[in-house]
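Line by line, the protein sequences are chains V and B. If you use our numbering, the first sequence closes out at 679, no skipped numbers anywhere. If you use our numbering, the second sequence closes out at 1358, no skipped numbers anywhere.
Number of protein chains: 2
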Amino acid sequence: MDDLELQCINTIRFLSVDGVQQANSGHPGTPMALAPAAYTLWQHHLRHNPADPHWPGRDRFVLSCGHASMLLYSLLHLTGYDLPLEELESFRQLHSRTPGHPEYGLTPGVECTTGPLGQGCGNSVGFAIGEAWLAKRYNKPGQDIIGHSTYAFCSDGDMQEGIGSEAASLAGHLRLGRLTWLYDDNHIQIEGDTALAFSEDVGARFAAYGWHVQGPLDGADTAAVSSAIEAAKAETARPSLIILKTIIGIGSPQQGTGEAHGAPLGEEGVRVAKDYWHWPQEPKFLVPDEVRGQMDARERGGQQQAEWQQRWEAYAAAYPAEAAELQGLLAGKLPEGWDGGLGGLFPAGSKPIATRSASEKALNAIAASLPNLIGGSADLAPSTKTLVKDGGDFGPHGHGARNFHFGVREHAMGAVVNGLALHGGVIPYSATFLQFSDYMRPAIRLAALSGYGSIFVFSHDSIGLGEDGPTHQPVEHLMSLRLIPGLILIRPGDAHETAEAWRIAVRHRSGPVALILTRQNISVLDRAPEDAYTEQDYGGALCAGAHGLRQGGYILWQAQVGTPDCILMGTGSELQLALEAGRKLAAEGVNARVVSLPSFELFDRQDQAYRDDVLSPAVAIRIGVEAGVRNGWQRYTGRADNAVGLDHYGASAPAEELYAHFGITAEAVYKLAQERLLG
Amino acid sequence: MDDLELQCINTIRFLSVDGVQQANSGHPGTPMALAPAAYTLWQHHLRHNPADPHWPGRDRFVLSCGHASMLLYSLLHLTGYDLPLEELESFRQLHSRTPGHPEYGLTPGVECTTGPLGQGCGNSVGFAIGEAWLAKRYNKPGQDIIGHSTYAFCSDGDMQEGIGSEAASLAGHLRLGRLTWLYDDNHIQIEGDTALAFSEDVGARFAAYGWHVQGPLDGADTAAVSSAIEAAKAETARPSLIILKTIIGIGSPQQGTGEAHGAPLGEEGVRVAKDYWHWPQEPKFLVPDEVRGQMDARERGGQQQAEWQQRWEAYAAAYPAEAAELQGLLAGKLPEGWDGGLGGLFPAGSKPIATRSASEKALNAIAASLPNLIGGSADLAPSTKTLVKDGGDFGPHGHGARNFHFGVREHAMGAVVNGLALHGGVIPYSATFLQFSDYMRPAIRLAALSGYGSIFVFSHDSIGLGEDGPTHQPVEHLMSLRLIPGLILIRPGDAHETAEAWRIAVRHRSGPVALILTRQNISVLDRAPEDAYTEQDYGGALCAGAHGLRQGGYILWQAQVGTPDCILMGTGSELQLALEAGRKLAAEGVNARVVSLPSFELFDRQDQAYRDDVLSPAVAIRIGVEAGVRNGWQRYTGRADNAVGLDHYGASAPAEELYAHFGITAEAVYKLAQERLLG
């Protein structure tokens, strides 16, 4: 290691150490240990342009051990991203762009939000899949316009989390040759030596997954690290794991102990560490000029991007149609008329159909015009109905296909789909039973927190699942997902609304959408043509058009004009119960209104006037119906007991029997309304 | 294989096939494939007494692939459990004891609820740990009173789920020699050949975890299976994996395909399969007498239990104190005065203390009198404060210690703790940050669904966590956990309530309790002595005693006697904000009442009179305060905007700044109340 290299590494180390010390909070030990490997990767291998963090041809870097955020912030600052030193000095402070864990969208160059362990591992697999898919689809002989790499730094925790194992198993299976994980095998976690809890042979495990494994090697030996990265790049048929032996907090009094992990070194600790590394005690946040000169990657990155741009021009000249399509995908543009296929999918008089099946039709109706709408299921595709016909199977030898087979790995699926959304160029979806949303909830949350355009399809959404029983019947999941800030949940009430839901999910690229679908068949409501339904049509056989779903909630039907006597609200398969009850009340002269409320989140985003128009505050009797826990309906009903639902687990039996048994029926809605009307 | 053996195996097969066919729903293929291995295990190895399913010395059997439930029901019926044939005939019907997936507590002999894949794997590790812990603690030289085995059947899905990987890694690390998994390597999952998604070398992976791996061997070769189980029993230092090659739906037209997995064979399929196996077409649910004679395990099991009982008598004679203690533990009895240490832990004038630290004191105050209160953290013990002092580290060479180190494996931790609770003899707890409850939510749900006495400790329960930022700050988690039916969540409002919360958690053995604790210090409220606080004391410096927590909510303080003008409710760290606001209002002559509401679930279980007494319906102004999403408070406040909270993500900054920034302050509570009072 030459002097300048050591200086660069120490600059990274002490920017991190000083940042943590100044914040009096954070994780200094890992940046200190990983600085040599990070420097090596970023200086000699990572292709990126700090001046254009969105260059599609860049390599992706994921800090899965997000607690080492100061390592990343130091690298971003030193290589020339728009992250001035003042931001590093305000690490972990309000309004800074240097939060405790890296957040996508807040800090340029942060490719994904990490911190909850294992998520970055899953995201990195999504990045690599995104690259592989675009490469397979758009590269031409001699014209490899797509060909970037994905690197992730992973910690012991990432190796222990199940999601990390799932992601690794999937990546090995898929032979993602452009994916490299650098595993920081520092033998220390928060409770002490990893030997307390973790004694497996990680390298052998990854070899069993089909990975190319190197190491353990000395993580401070930059030449060795660089050679290993070279070898990883040369290995194109398998993902690579490079195991780095490092010493956490190296040079500090806490080195090699759990104390170096999650607490500042303290003034004395900083002093000792700086002495150890022959680093000036002052000033803090020191960046020597020669380090800045060495590490600033804007020129190099600009050249790399310019070369790529040249290749792009050549590609575009040779393959103008492909180039135009690819450009559109990378820009996130939807083709003109992409959703034309959604109209007329369900003509009047359609037979009852499960919304999961309606979803299959909708998905396939837009699949042709959206070649980059790709996704799959956690081994439930025949049930979730999420296969794109003739889309092929994305697998180790078919990286251009559209149907993913995630295996029974819901959590990795969520993180992979997030990675795909982050990668760009594709519109990704996952699918499983609603019950198993619990298995992937941390990934859903991160998508919502940081605004990833992931589409999460969940079928088998209630006791309507039937015989599989309470272990598989969601009851709390609808309300529980609705509590995640930023997630848009849509539970369409019939086939028409299902098509609308897909339209919204595809359009909504700034955050995740969960589509909630029935297993069981439900009626396809007879609908008026779009926008043709007015108050004059009240009381007729038709319902309002399903485009009202775009507002989250809308008046589906009403007995007569004028202020209603009561409002019945329903979602999903229970919407028809509300409608049936409403018609029964109407037959008795009650002016009942039926409101479809497929998306609380979209409805809550409407202005007060619209919401008051739909759920008139003047109407005291407002009743919700949904086959799930009732708590959460109060915001619309006004009182806790104005809902028909179930506040307990389901049972194993045919679906219709369960609905009757648990009293989730049109009759129950009707009776409750009657009771309230009588007062 | 002799004729009788084949007959027994076919009886299992066709009880399963007929059950699924009759239900017109279920999973016939796996029971058909696993019947030989299941017969071999149950007939020749499993020590159990169908006449006494609760015999503590029994081996534990876990069907982690719970969808193959008819396999288990068939075995239970044939070996003599109280599960008559009619129950098998009403498979998956309402009110039967044979639901789609096995449910603990519903069906005798079902050791744990399975179906959501990987959960049974985790439970089985919990069973094995429970055995190991009791064995290490109570066995004496020549007197191995504890020494049973745990067997689990696992599917491809169990191998793919992250929780399965976490559990296997932990089991290998802990050297659980009495644990054996039989992996049904049938190469078929729902989407088709496992090669679609899963091509790793499972055996090599488990070897890397430190397991003893046998196979792949022919799962239909009963002699080979039996030998492998023998070898697994002989291997006492490592858990064993036996890989069985099987053919799903063997003998049916669907054999070896995904169609055999999750759908009935159909009448024709059943006919072909019965022909193939030379099985009579009729009657359905046939159990030949000789099969019944062969498989009824009551006599053999009775003898095994009687021998064990003899050994117990000898043990009790030699070690009466240990025997008495062990008997108490196994009976789930709490020793007299076990909670005496909880009194007086926090004398008047105690300094502010985080409830996680108060929890540490409470835990250690009862640890001595509850030797079987064991547990640990997912690598956050120094933060969750859940170490029992001098409790030792449970590890590969210390199976009698009390402090578990789960590694960063929250999901397996949840399932392991569930398995410990199910095993009996111990009171288990887990610990992590509240944020990571999402990582273990499926395990929490199963504990709630089936009533396992697991204690889930969650610290760092809000934006009060501070600098780690929004990735680590729960905002929706409190309300989201409260939606899980059967889970009791307790978020104590000060140190006194924390001690009470532990009292309840330990007592509540019929379901899970989540203890929600602060990272940050909060005031220890000056409390009146237990039961000494009456209306006469209103307006004084003291608050009511914390024993009110047993009712979930109680009047903490009130300005004056009589009907209050407003009620301020708080939980956890925000209780003190409610109190401060209440006192400020009182200074202005408002008769404010402050209610502590640490457990919505316990409060909701009180009778109407009590609830009305605390949250008088006559008082229209009821305001909740909690540092989390507000939706869910309406049931107590009456209107959605009568709560102080935050409906969005937090930020990375010091905790006090965040509280001020997001307006979760006593001032905000005070102002909202004032606004409502003015009207």
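A virtual CB, placed ideally from N, CA and C, is assigned to each residue, including glycine.
- With contact defined as three or more Cβ pairs closer than 8 Å, the segment 439-448 of chain V and the segment 1111-1131 of chain B are in contact.
- Within the same chain, V62, C112, A415, N418, G419, L422 come within 7 Å of V:N123 by CB-CB distance, once the 5 residues on both sides are set aside.
- Within its own chain, the residues whose Cβ lies closer than 6 Å to the Cβ of B:V904, once the five positions on either side in sequence are excluded, are A716, T719, listed in chain order.
- Beyond the five residues adjoining it in sequence on each side, B:A916 comes within less than 6 Å, by CB distance, of R854, G856 in the same chain, given in chain order.
- For B:I869, the closest Cβ of chain V is nearer than 8 Å.
- Within chain B, the residues P1121 have their CB atoms less than 7 Å from the CB of V:Y439, given in chain order.
- Under the three-state reduction of DSSP output, V:C112 falls in the coil class, being neither helix nor strand.
- For the pair of segments examined, the segment 136-148 of chain V was found not to touch the segment 95-108 of chain V: the number of CB pairs separated by less than 8 Å stays below three.
- In this structure, the straight-line span from the alpha carbon of V:Y183 to that of V:Y151 is close to 11 Å.
- Boundaries around B:V741 are those of the beta strand (DSSP E), 739-742, since no alpha helix (DSSP H) includes it.
- Using a Cβ-Cβ cut-off of 9 Å, V:A132 is close to nothing in chain B; its nearest Cβ partner there is about 16 Å away.
- DSSP places V:G301 in the uninterrupted alpha helix (DSSP H) bounded by 298-318.
- Per DSSP, V:M479 lies in no beta strand (DSSP E) segment; the continuous alpha helix (DSSP H) that holds it begins and ends at 477-482.
- For the segment 196-212 of chain V, the set of residues with a beta-carbon nearer than 9 Å to any beta-carbon of chain B comprises L196, A197, F198, S199, E200, D201, V202, G203, A204, R205, F206, A207, A208, Y209, G210, in chain order.
- For V:G570, the enclosing beta strand (DSSP E) starts and ends at 566-570.
- Here the alpha carbons of B:H1327 and B:G1028 stand approximately 36 Å from one another.
- Look at B:K815 here: in three-state DSSP terms it is helix.
- Take B:Y1217, set aside five residues on each side of it, and the residues of its chain with a beta-carbon closer than 6 Å to its own are Q1237, Q1239, V1240, in chain order.
- Under a criterion of Cβ atoms nearer than 7 Å, the residues of chain B adjacent to V:R635 are, in order, N1310, Q1313, A1319.
- Excluding sequence positions up to five before and after B:G1224, its CB lies within less than 8 Å of the CB of H1175, R1206, A1207, P1208, E1209, D1210, A1211, Y1212, all in the same chain and listed in chain order.
- Residues of chain B whose Cβ lies closer than 8 Å to the Cβ of V:F406 are, in chain order, A876.
- Within its own chain, the residues whose Cβ lies closer than 8 Å to the Cβ of V:I243, once the five positions on either side in sequence are excluded, are Y183, D185, V202, G203, V213, Q214, G215, P216, L217, listed in chain order.
- It is roughly 28 Å from the alpha-carbon of V:I623 to the alpha-carbon of B:G1232.
- Contact between V:F153 and V:S64 holds, with the beta-carbon distance rounding to 6 Å and staying under 8 Å.
- Interface criterion met: the Cβ of V:Q160 is under 8 Å from a Cβ in chain B.
- Out of B:W956, B:D1244, B:F1282, the CA that lies nearest to the CA of B:N1270 is found in B:D1244.
- For B:F885, the uninterrupted alpha helix (DSSP H) run begins and ends at 881-888, by DSSP.
- A Cβ of chain V is located within less than 8 Å of the beta carbon of B:H1327.
- In this model, B:P763 and B:P959 are separated by some 21 Å (Cα to Cα).
- Per DSSP, B:S905 is one residue of the alpha helix (DSSP H) stretching across 901-913.
- One alpha carbon belongs to B:L1059, the other to B:E1089, and they sit about 11 Å apart.
- Close CB contacts of V:I353 within its chain, under the 7 Å cut and outside five residues either way in sequence, are with A495, N521, V524 (chain order).
- Think of a sphere of 9 Å around the beta carbon of B:T690: no beta carbon from chain V falls inside it, the nearest being about 23 Å out.
- For V:A273, same chain residues with a beta-carbon under 7 Å away, outside a window of 5 residues either side, are V17, G251, S252, L265 in chain order.
- Neighbours of B:G1148 across chain V, judged by C-beta separation under 8 Å: R92, P99, G100, H101, E103, G115.
- Among the residues of chain B, none has a CB under 9 Å from the CB of V:D52; the nearest is roughly 26 Å distant.
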